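Structure first, then comments.
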């Protein structure tokens with residue numbers, strides 16, 4: 002049986018792509034990428050957002066709502082970056098399909114990658130139930146999505 006690689010958030014693989022220009026490396030994930038057991042991708046960078054960039058949160062819902070046009074991803078300055086988040090999520094979803102990937106491990110609480118809980122859009126640190134844009138799109142496509150393991 003051929004084992005497919007797992008998709009992982011680039012920041013977990015040690016790539017400095019987070020909004021603040023830093024990584025959030027998880028040693029096990031860094032090793033998995035080095036072995037070829039995982040493929041790293043950052044939906045925000047693939048959506049052509051710069052690194053570093055103003056922090057962003059979903060306002061008015063979660064990633065499913067953004068995909069349906071009922072909510073928006075707004076940065077801390079109030080700029081709507083929904084288009085970039087959706088475009089980047091689509092590029093990652095296309096990669097997943099091309100590579101035959103069936104599982105993803107994503108960065109917790111992110112407006113792209115959050116799985117199960119995300120920030121509420123107020124930029125106050127409050128969490129609410131929901132998924133980020135990428136996590137929502139991958140789940141719609143039948144991909145098993147989980148949050149990052151503890152380091």
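In my numbering, the protein residues as written are 2 to 152. Even glycine gets a Cβ: it sits at the ideal position worked out from N, Cα and C. From a predicted model like this one, the values you see are computed outputs, not experimental measurements.
Endpoints, the beta strand (DSSP E) within which residue 119 is located: 118-120
Residues of its chain near residue 34, where Cβ-Cβ distance is below 7 Å and the 5 sequence neighbours each way are ignored: 9, 14, 41
Which of helix, strand or coil DSSP assigns to residue 146: strand
Within 8 Å, strictly: CB atoms of residue 87 and residue 107: no
Nonlocal neighbours in the same chain, by C-beta distance under 7 Å from residue 25, ignoring five residues either side: 12, 13, 19, 108
C-beta contact flag for residue 48 and residue 85 at 8 Å: yes
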